[in-house]
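**Q** Residue numbers (my numbering), protein chains in the order written: chain A, 426 to 848; chain B, 1077 to 1334; chain C, 410 to 814.
The structure that follows is given in the form of structure tokens.
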Amino acid sequence: MAKTTQRAATSGSLVSLAWRNLWANRRRTLITLSSIVFGVFFAILMTALQDRNWADMIDLAAKMGGGHVTLQHPEYQDAPTLRHSVQEVSELAAAVEGAVPIDAVRPRIVGNLMLSTAHESFGAGFIAYDPALETSETLAILNGVAEDEGLRPDDRQGILLGTKLAYNLDAEVGDKVVYTVTDRNGEITSALCRVRGLVTTGAPSVDASLVLLPIEPLREVIGYGPDEANQVAIFLSDQRSTERAVSALVSALRDDVAVLGWNKAQPELAGFIAAKVGGAWVVEGLIGILVAAGIFNTLFVSVMERMREFGIMLAIGWSPGRLFRLVMLESLWLGVVGLILAGLVTVGPYLYLEKTGIDISKMLTDESMEIAGVAMAPVLKVGIFPMSLVIILGAAMFAVLASGIYPAWRAGRINPVETIRLV
Amino acid sequence: MLKQSPWIVLLAIVWMSVAMSPRALARQPSEDAEMQRLLGLFDDLLRGASSQGTMTMTVKTKRFERTLSMQTWSKGTDKSLVRILEPVKEKGTATLKVGDKIWNYLPKVDRTIKVPGSMMGASWMGSHFTNDDLVAKIRYSEDFACSFDPATREPSVKELRIDCIPNEDVAVVWGKVSMLLDKASELPTQSMFYDDDDELVRTMKYENVRTMGGKRIPTVLTAIPAGEDGEFTRVEHSKLEFDIDISDRLFSLQSLKQ
Amino acid sequence: MNKVFVIAWRNLWRTPRRSVVTIGAMTVAVLAMLLYASLVEGYVRDLEADLVEVEVGDLQVHAEGYRDRPSLYTTIDDSDAMIASLEGAGFVATARLLAGGLVAAGESSSGALIKGLDLETNDAVSAIAERVDRGEWLAASDPHGAVLGRGLARALAVDVGDELIVLGQATDGSMANELFQVRGILEAVTAETDLAGVLIADSIFRETFALDQGVHQVLMRRPANLGLDAASALAQSTIQGHEVKTWRELQPLMSQMIDISRSMIILMFVVMYVAIAILILNAMLMSVFERIRELGVMKAVGLSPRTVLSLVLTEAMLQAVVATVIALAVGAPLLWLLVERGIDVSGFGDITAGGMSIGTRMFGAVAPHTILGPIVTFFVLVFLGVLYPGLKAARLRPVEAMRHQ
């Protein structure tokens, strides 16, 4: 022990002394490292699962709904009728493109209608889109349409029905259905369609109440102009920039359109995600405290145990500050080694989960999973945002260092005479 | 719910009176021209005239049987008013139709409710007709491609059958509508409504031809849904006047309350 | 043994700092377990409570064919006798009347699901009366009062005290119409009720829809000692000729979601307990190995391995008891806060998910097993954690121990 101290004193390298001290009691260090590794491993995987799935779900929700950011008539939110429309959509789209980095801008008309066949009539919601412009990349519901079905740009009579809705209406592909809709002037008007395909999203509430229409013929039926819509869906390059995009668009666009982020347009989903993320942070926080308590425990005991040693060091002229730095450096080493080990342990499972994922479809029975109208993917995969990783690693390092402060401070406050006498 | 395309039930009489004047079918040089004439008569029943009358509607379903007596007014094709006289419980209940909008007045709660789009498919007064049936407006002469059933053209056959297929762009749920006309009177006796797969969905019968308001018309109309054993909605006219002067003010929300 | 206990107790306070550190770590562990168990209990209870206690009940009876094609005419006609025999079998049950219709207020109207409730028996089965956000619950003295779903009230732009017209088709084919006054507006409940639910008393329902007899639905809670499937089988044998469904069959999506949530919670539980076990093991290893010299001295003065082991074990258990007492004292107010106030984990309002509302505030719940479970687990972990170093210490040869750092 004395030799160690002496060598350290001569070399003056606190860093390497701290490193050696760490391994003087290997068992203790391994125990501490294991809890760091465990904590970081768990935090990374859990956060990666969340980041990936919530990001996927937000993108999916954007594709199922009105994009990451929606432009609409300022009164549409309170009174969602066809009367509250947006004019000169193409001019608006150009302005959007100039203001924020986007993937796509898509004009749509959404609303409610009544569908009738010779046998039955049912109410349904509709999304009218431009079949020449949109694919499942921006309108996820199109994923639920069979390859050979779907709307063609030149087909003015096409309609796609939710599977369950078609069943309820007793309609098959090729059959005629008549829809009745209250137009922009409040008049009730009807038009004939032919069922060109069925939509199966897996979300029961969607399959029983959704129809897709081509936007151009609908415009004529409800009295819209050729450049008019009641929803402009904007798809951002990165959903995390939604807030920024919303404020950029608010200042860039005309006053007669309202700009709505997905979190405002789909508060249920936003709330659900926030609740899940918040709940996970509570658990991660609790575990963080447990891990920190363990580290504190080891560091403190290790300081107490080495009181004699520290007393001698003080006696031979070490300053309390230097001792403090030594112990803090030991914590730092612990943190560094812990994080490196955690990285080594985590990388395998992470890559596996990123590529292959966990199939949770076995946990589901016959019906599919749906959260606030968004169907959930049956395979859970992970993918962490770099920012989240930085936060976790930073928090872990902080926990390790913070746990070391009190023991380090105690080490400097030892009374050399007393401690040397101590057995 | 059954569908009846033109405004048949409530304005049946207007319809009959103009279209089916008691005139023998005259031989026309061209089949097409004759068809157009017949369909034109059919369609023109719906327009121009005004009427006022009383009628009885009997609805029989598996669940209930009810009889309502009502007073009716109509002007042109798009204005009409029906007010229930009996039973006492429903007395004063009224339906106003102007264009494609429908309002119901409910005396019990003293309120007028506009029928929303979502309720257009619902039954009207418990009958086999929907609110949508009341407002639907089609013209057979323009919206349908019609043809005579050649077999019924034989002089020995009393009734002429016309099969009408809706044109591609017309908002009609039927796949086909067929009608039987009595050659002697040129009055319809029956019409049949089919779905896309040529399956019969509903039959309308026109019976009891009498002179009313100066015209010979079938005074009893019965709608029979296919496949619903014993169910029907029957409308019987007991009194009817035509081409009388009715103020437009009658067809307003104020007068709906009476 | 008594002597061991006394020595152990003295040992604890001979080096108070070390004991304080160990007890501190233990306290954190127990506290974390207590709070987490309470959160989990609250979460699971919330999920099921919303569904089962408030709206769906454990089991529902419908007339054969009703659920396939809901109709005012498809009724259970012997409901009084049925409820009597169900109650004889230990269930609590209440009858409901259901009709689709239209509600109108001012210029607005909306499709609605009108429910007629038996006000006398409803509260024993359903806690929906406690979910009134504004205004009051239905009362027999106010037959024209109606309680609305929150979303429906918003769509109609009505508030407590406003009037409301219910329209529909009565059994005799006439147009059902009745004037009501909004008496209460519900909190977020299932999406269906939130967006379309109009709750009224069964007497006025019968009058409005001319329904003299029969009910559409019987909602029930199972006897406390029966599982869901057993209760379903019992109900089925008690009442013949009608369809009996469990809430899991009626709400398969929510049932799955609760199952998935449960398995996630179990996963979390495992992770949590691994973290706790590491902490405890850590503390135990530290507290024994750091004074291995001292224990070696004891061996040297003639203590048997057995005595050393029981000394170490006793010390650990004493520390655990102290830690538990502290954790309970510190935890009580925290648990109270968790149960009463909850933690807002999102900053959003109430939300619905898959047809069921989910509060974004996490509430705890306390039950005997949420307290005893963690404590028992904790003692087991402490015991296991100290066993290895204890055995090691007991087998120690004095010479080795003295050399031990």
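Heads up, the beta-carbon is just placed ideally off N, CA and C, and yes, glycines get one too.
If I follow the unbroken beta strand (DSSP E) through E1239 of chain B, where does it start and stop?
**A** Here residue 1239 of chain B corresponds to residue number 163 of the second sequence, with the count starting at 1. Per the sequence shown, residue 1239 of chain B should be read as Asp rather than Glu. Counting along the chain, the beta strand (DSSP E) containing D1239 of chain B begins and ends at 1235–1242.
**Q** Between T1137 of chain B and chain A, is there a C-beta pair that is closer than 9 Å?
**A** Counting from 1 along the second sequence, the entry for residue 1137 of chain B is found at position 61. T1137 of chain B does not count as touching chain A.
**Q** Closer than 7 Å by beta-carbon distance: list the chain C residues that pair up with V1185 of chain B, in chain order.
**A** Residue mapping note: residue 1185 of chain B aligns to position 109 of the second sequence, counting from 1. In chain order: I574, N586, E587, L588.
**Q** Would you check if the distance between the CB atom of D580 of chain A and the CB atom of D1272 of chain B is smaller than 9 Å?
**A** Against the first sequence, residue 580 of chain A aligns to sequence position 155. Against the second sequence, residue 1272 of chain B aligns to sequence position 196. The answer is no: Cβ separation not under 9 Å.
**Q** Helix, strand or coil: which one does DSSP assign to F787 of chain C?
**A** For the purposes of this step, residue 787 of chain C is identified with residue 378 of the third sequence, where counting begins at 1. Helix.
**Q** Would A1221 of chain B count as contacting chain A if we go by Cβ distances under 9 Å?
**A** Along the second sequence, one-based indexing puts residue 1221 of chain B at 145. Not one chain A Cβ lies under 9 Å of A1221 of chain B.
**Q** Using Cβ-Cβ distances below 8 Å, what residues of the segment 474–485 of chain C are close to chain B?
**A** So the list reads Y482, given in the order they occur along the chain.
**Q** Report yes or no: is there a C-beta of chain A within less than 9 Å of the C-beta of G1251 of chain B?
**A** Start at 1 with the first residue of the second sequence, and residue 1251 of chain B comes out as number 175. So yes, G1251 of chain B belongs to the interface.
**Q** Taking the CB atoms as reference points, tell me whether G550 of chain A and N537 of chain A lie closer together than 9 Å.
**A** By one-based count along the first sequence, residue 550 of chain A stands at place 125. By one-based count along the first sequence, residue 537 of chain A stands at place 112. Contact flag set, yes.
**Q** Quick one: grab the DSSP three-state call for H509 of chain A.
**A** As a first step, residue 509 of chain A must be located in the first sequence, where it is residue number 84. Reduced to three states, the DSSP call for H509 of chain A is coil.
**Q** Taking Cβ-Cβ distances below 8 Å as the criterion, which residues of the segment 599–612 of chain C are in contact with chain B?
**A** Taking 8 Å as the Cβ-Cβ cut-off against chain B, none of the residues of the segment 599–612 of chain C qualify.
**Q** Assign R679 of chain A to one of two classes, buried (16 or more other C-beta atoms within 10 Å of its C-beta) or exposed (fewer than that).
**A** Along the first sequence, read from residue 1 onward, the residue named residue 679 of chain A stands at position 254. So R679 of chain A counts as exposed.
**Q** Would you tell me roughly how many angstroms separate the C-alpha atoms of A1170 of chain B and S519 of chain C, rounded to the nearest one?
**A** As a working note, residue 1170 of chain B is residue 94 in the second sequence. As a working note, residue 519 of chain C is residue 110 in the third sequence. Going by the C-alpha atoms only, they are around 21 Å apart.
**Q** Please report the distance separating the alpha-carbon of A596 of chain A from that of V620 of chain A.
**A** The residue you call residue 596 of chain A lines up with position 171 of the first sequence. The residue you call residue 620 of chain A lines up with position 195 of the first sequence. Looking at the two C-alpha atoms, the distance is approximately 8 Å.
**Q** For Q1266 of chain B, which beta-bridge partners are listed by DSSP?
**A** As a working mapping, residue 1266 of chain B is identified with position 190 in the second sequence. For Q1266 of chain B, which the question treats as bridged, DSSP gives the partners B:L1256, B:K1281.
**Q** Could you round the C-beta distance between L526 of chain C and V1185 of chain B to whole angstroms and report it? I think they count as a contact, below 8 Å.
**A** The sequence position of residue 526 of chain C within the third sequence is 117, counting from 1. The sequence position of residue 1185 of chain B within the second sequence is 109, counting from 1. Contact flag wrong, Cβ pair sits at about 22 Å.
**Q** Can you tell me whether M681 of chain C is buried or exposed, with buried defined as 16 or more other CB within 10 angstroms of its CB?
**A** The count along the third sequence starts at 1 and reaches residue 681 of chain C at position 272. Buried, because 16 or more other Cβ atoms sit within 10 Å of the Cβ of M681 of chain C.
**Q** Is the CB-CB distance between D1305 of chain B and K1167 of chain B below 9 Å?
**A** As a working note, residue 1305 of chain B is residue 229 in the second sequence. As a working note, residue 1167 of chain B is residue 91 in the second sequence. No.
**Q** Between the C-alpha atoms of T607 of chain A and I809 of chain A, what's the straight-line distance to the nearest angstrom?
**A** Mapped onto the first sequence, residue 607 of chain A falls at position 182. Mapped onto the first sequence, residue 809 of chain A falls at position 384. Using only the alpha carbons, I get a separation of about 46 Å.
**Q** Quick one: does S1203 of chain B have its CB under 9 Å from some CB of chain A?
**A** The sequence position of residue 1203 of chain B within the second sequence is 127, counting from 1. No, no contact with chain A.
**Q** Using a Cβ distance threshold of 8 Å, determine whether the segment 435–454 of chain C contacts the segment 508–522 of chain C, with at least three qualifying pairs required.
**A** With the cut-off at 8 Å, the segment 435–454 of chain C and the segment 508–522 of chain C do not touch.
**Q** Please decide whether G1197 of chain B counts as near chain A, where near means a Cβ-Cβ distance under 9 Å.
**A** Here residue 1197 of chain B is taken as the residue at index 121 of the second sequence, counted from 1. G1197 of chain B counts as touching chain A.
**Q** Less than 9 Å between the beta carbons of I1178 of chain B and M1201 of chain B, yes or no?
**A** By one-based count along the second sequence, residue 1178 of chain B stands at place 102. By one-based count along the second sequence, residue 1201 of chain B stands at place 125. No; because the gap between Cβ atoms is not below 9 Å, this pair is not in contact.
**Q** Taking the alpha-carbon positions, what's the V470 of chain C to V461 of chain C distance?
**A** Reading the third sequence from its first residue, position 61 is the one you call residue 470 of chain C. Reading the third sequence from its first residue, position 52 is the one you call residue 461 of chain C. Cα-Cα distance, rounded: 14 Å.
**Q** Of the residues C:M435, C:A493, C:L635, which one's Cα is nearest the Cα of T503 of chain C?
**A** Residue mapping note: residue 503 of chain C aligns to position 94 of the third sequence, counting from 1. Comparing Cα positions, the closest option is C:A493.
**Q** Using DSSP with H/G/I as helix, E/B as strand and the rest coil, what is I861 of chain A?
**A** Chain A is shown only over 426 to 848; residue 861 of chain A falls outside these bounds and no answer can be derived.
**Q** Expressed to the nearest angstrom, what Euclidean distance is found between the alpha-carbon atoms of G794 of chain C and A605 of chain C?
**A** The residue given as residue 794 of chain C occupies position 385 in the third sequence. The residue given as residue 605 of chain C occupies position 196 in the third sequence. The alpha-carbon atoms of G794 of chain C and A605 of chain C are separated by roughly 57 Å.
**Q** If we ignore side chains and look at the alpha-carbon of each, how far apart do L507 of chain C and F547 of chain A end up?
**A** Here the question's residue 507 of chain C lines up with position 98 in the third sequence. Here the question's residue 547 of chain A lines up with position 122 in the first sequence. Answer to the nearest angstrom: the Cα atoms are 19 Å apart.
**Q** For a quick check, are the C-beta atoms of I594 of chain C and A562 of chain C less than 9 Å apart?
**A** Residue numbering aside, residue 594 of chain C sits at position 185 when the third sequence is read from its first letter. Residue numbering aside, residue 562 of chain C sits at position 153 when the third sequence is read from its first letter. Closer than 9 Å, so yes.
**Q** Can you tell me the Cα-Cα spacing of V575 of chain C and L1263 of chain B, whole angstroms?
**A** Taking the first residue of the third sequence as position 1, residue 575 of chain C is located at position 166. Taking the first residue of the second sequence as position 1, residue 1263 of chain B is located at position 187. Approximately 43 Å between the Cα atoms of the pair.
**Q** Quick one: using the 10 Å Cβ neighbour count with 16 as the cut-off for buried, is L1329 of chain B buried or exposed?
**A** Your numbering for residue 1329 of chain B matches position 253 in the second sequence. Label assigned to L1329 of chain B: exposed.
**Q** Could you tell me whether the Cβ atoms of L638 of chain A and I584 of chain A are closer together than 9 Å?
**A** Here the question's residue 638 of chain A lines up with position 213 in the first sequence. Here the question's residue 584 of chain A lines up with position 159 in the first sequence. Contact: yes.
**Q** I want to check one thing, is the minimum distance from the CB of S510 of chain A to the heavy atoms of the ligand NAD below 8 Å?
**A** The model on display carries no ligand, and the ligand NAD is accordingly not part of it.
**Q** With 9 Å as the C-beta to C-beta threshold (strictly closer), list the residues of the segment 722–751 of chain A near chain C in chain order.
**A** Answer in chain order: N722, T723, F725, V726, S727, M729, E730.
**Q** Does DSSP put G491 of chain A in a helix, a strand or coil?
**A** Translated into the one-based positions of the first sequence, residue 491 of chain A becomes position 66. DSSP places G491 of chain A in coil when its eight states are reduced to three.
**Q** Write down the C-beta distance between I659 of chain A and I527 of chain A rounded to the nearest angstrom, noting that I regard them as a contact closer than 8 Å.
**A** As a first step, residue 659 of chain A must be located in the first sequence, where it is residue number 234. As a first step, residue 527 of chain A must be located in the first sequence, where it is residue number 102. That belief holds up - the Cβ atoms of I659 of chain A and I527 of chain A are roughly 6 Å apart, short of 8 Å.
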